[in-house]
Structure formats: structure tokens, C-alpha cells
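Quick note on the working numbering: the sequence shown kicks off at 1 and runs consecutively. No residue lacks a Cβ here, since even glycine has one placed at the ideal position from N, Cα and C.
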Amino acid sequence: MTPPVWGAPRRPGMGEIVRAVRPGPVFGGLVVVAVVGGWLCARAEPGRNGEAVGGTILLVLAGWVISLCLHEFAHAVTAFRFGDRNTEVRGYLTLNPLRYTHTGLSIGLPLLIILLGGIGFPGGAVYVQQAGFSRAERTTVSLAGPATNLAIGAILLGVVAAFGSTDGTWMTGGLLIGSDHIVLWAALAMLAFLQITAAILNLIPMPGFDGYGAIEPYLSDQTRVSANKIAPYGFLIVFALLFIPALNKAFFDGIYALFELSGVPSELSSYGWYLFAFWR
Numbered sequence: 001m002t003p004p005v006w007g008a009p010r011r012p013g014m015g016e017i018v019r020a021v022r023p024g025p026v027f028g029g030l031v032v033v034a035v036v037g038g039w040l041c042a043r044a045e046p047g048r049n050g051e052a053v054g055g056t057i058l059l060v061l062a063g064w065v066i067s068l069c070l071h072e073f074a075h076a077v078t079a080f081r082f083g084d085r086n087t088e089v090r091g092y093l094t095l096n097p098l099r100y101t102h103t104g105l106s107i108g109l110p111l112l113i114i115l116l117g118g119i120g121f122p123g124g125a126v127y128v129q130q131a132g133f134s135r136a137e138r139t140t141v142s143l144a145g146p147a148t149n150l151a152i153g154a155i156l157l158g159v160v161a162a163f164g165s166t167d168g169t170w171m172t173g174g175l176l177i178g179s180d181h182i183v184l185w186a187a188l189a190m191l192a193f194l195q196i197t198a199a200i201l202n203l204i205p206m207p208g209f210d211g212y213g214a215i216e217p218y219l220s221d222q223t224r225v226s227a228n229k230i231a232p233y234g235f236l237i238v239f240a241l242l243f244i245p246a247l248n249k250a251f252f253d254g255i256y257a258l259f260e261l262s263g264v265p266s267e268l269s270s271y272g273w274y275l276f277a278f279w280r
């Protein structure tokens with residue numbers, strides 16, 4: 001049993017949490033864009049045609065920003081549950097992507113990395129006041145974001161596995177063949193792949209990442225001081241390490257292995273990337 005923390009903030013009840021969550025029009029607009037993209041994908045013919053490419057781009061990009069919002073919201077609402085009322089004041093509970101730090105670095109850069117390399121790199125951030133939190137609660141706040149990405153990825157793969165496989169045959173001899181809604185399943189599979197990469201990258205115990213935030217409460221003060229010096233460069237260090245061929249192969253082999261546990265072939269995600277990256 002965790003001993004009481006003197007000066008701990010008052011914890012809101014479930015009704016208060018529900019009232020504090022107010023999704024705004026920006027988030028609603030993203031949902032609309034994603035739905036339009038999904039509709040275009042569902043009616044598109046296979047191949048790099050206007051509907052297939054346009055629908056995939058809209059669904060994947062809007063879906064990714066939505067997942068980024070949900071990732072940061074998960075951090076914020078968990079901290080709010082533990083007593084940090086500033087998460088509501090700062091607008092973190094509105095699911096507005098513009099509230100999650102610098103727009104260019106937190107949203108634009110991850111989107112650019114998706115466009116260039118098809119990796120769901122961590123993006124936004126929320127600042128929480130952890131005074132009065134127990135070590136376990138601080139760890140829970142840090143892990144709430146990656147857990148959200150894993151949940152989104154699992155749901156997307158569950159949908160594709162449940163409905164896509166009854167819609168036609170995905171593969172024959174390693175090649176994708178026609179299906180009534182193959183473009184839609186491919187786009188959702190690509191979006192699920194991005195969720196898995198984002199979750200695994202975020203769980204790396206590198207200063208500046210959620211994985212480090214999960215273990216940080218248990219480290220010595222000296223270790224924390226040293227790690228804080230690395231935190232501003234953690235993103236760049238991990239990004240650079242992925243350029244090492246052996247590490248890159250190990251990382252993606254692991255991602256594909258997790259992906260295929262769902263029963264959805266990884267080639268379906270690759271086909272989504274083929275449609276998305278029409279310039280290649």
C-alpha cells in the first residue's frame with residue numbers, strides 16, 4: 001500500500017473528468033477529413049489512381065494527427081485524474097493538436113518523417129505538474145501515451161482482420177490481388193503500422209521519450225541530472241541510430257513481427273505505403 005503523500009492535490013471524480021473533456025472543432029475537423037479519406041478509399045479501384053491516392057493520403061495523415069492528439073490526451077487526462085488541474089487550463093483536454101506544444105516541431109516534423117520514411121515518430125508533448133504524484137502514478141502518466149498508440153493499432157488491425165479477409169483474397173504467391181475494398185484495408189493497415197512504430201519508439205528508455213519518463217522516478221538524482229542534459233537531443237539520437245543498417249533491420253523486423261500477430265499480412269501495409277507515397 002502506497003503511503004499518503006502530504007500536500008497531494010485533490011483527485012477529481014469521474015463526473016468531473018467527463019465534464020472537463022471537451023473535444024474542440026479542430027479535432028472534429030480532423031475526424032471529418034479522415035472519414036472522407038476512408039470513403040474515397042472504400043470506393044477506389046486498386047492502383048495509383050486519384051481516388052486511391054487521395055483517399056489514402058487523407059485517411060493516413062488525418063488519422064495520424066488524430067492518434068497524436070489521443071496520445072497526448074491520454075497523458076493529460078491521466079495526470080488530471082491524479083490531480084493536475086493545469087492540464088484542463090492549458091487546453092490539453094480539448095484534443096486540439098495546436099495545444100500540444102510547437103505546431104511545426106510537434107506535428108509538422110513527425111508528418112514530414114512519415115512522408116519521407118513511413119515511420120510514426122513521436123511528436124507532440126504535454127507538460128504536467130507531478131507534485132504529489134507517487135512514483136507509480138508518474139510512470140502511469142508516461143505510459144498512457146504509448147498504450148494509446150498500441151490500442152489504436154490493435155483496433156485498426158482487428159477491423160482489417162475481421163472484415164478485410166472476408167472481402168476477397170489479400171495475397172497469392174506474395175502478391176496482393178484484387179479485393180472489393182483493398183485500398184481501404186491497405187490504408188488502415190499502414191495507419192496501424194505507424195501506431196506500432198510510434199508506440200515502440202516512445203517506449204525506448206531514452207531521455208525525452210516516454211520510456212524514460214516511466215523509469216525516471218526510480219533513478220537517482222545524479223542520474224536524472226545527467227539524463228536531462230541528453231533529453232533535448234534524444235529525438236535526434238534515436239533518429240540517427242535508425243540509419244545504422246543492422247539496427248534499422250532489427251527495428252523493422254520486430255515491428256513486422258508484432259504487426260503480423262494480428263493475422264494481417266505486412267504486405268498490406270506496404271501496399272498502403274505504395275499508394276500513399278505516390279511520388280516514388
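Closest by CA to Ala-79, which one among Gly-28, Gly-132, Ala-62, Trp-185? Gly-132
Can you tell me the Cα-Cα spacing of Pro-245 and Phe-239, whole angstroms? So the alpha carbons of these two residues sit roughly 12 Å apart.
Can you tell me whether Arg-19 is helix, strand or coil according to DSSP? helix
Ser-270 lies in the alpha helix (DSSP H); which residues open and close that run? 266–276
At which residues does the alpha helix (DSSP H) containing Glu-45 begin and terminate? Looking at the DSSP string, Glu-45 is not in any alpha helix (DSSP H), and its letter there is neither H nor E.
Answer with buried or exposed for Ile-152, where buried requires no fewer than 16 other C-beta atoms within 10 angstroms of its C-beta. buried
I believe Leu-70 touches Pro-146 by the beta-carbon criterion, under 8 Å. Please report the beta-carbon distance rounded to the nearest angstrom. No, Leu-70 and Pro-146 are not in contact; Cβ-Cβ is about 12 Å, not under 8 Å.
Secondary structure of Val-33, DSSP reduced to three states: helix
Beta-carbon separation of Leu-40 and Gly-29 under 8 Å? no
Beta carbon of Glu-216: closer than 7 Å to some heavy atom of the ligand COA? Absent from the structure shown: the ligand COA. Ligands present: none.
If you compare alpha carbons, which of Ala-34, Val-65, His-75 is closest to Leu-59? From the listed residues Ala-34, Val-65, His-75, the smallest Cα separation to Leu-59 is found for Ala-34.
Would the segment 44–51 count as touching the segment 82–98 if we require 3 or more Cβ pairs under 8 Å? no
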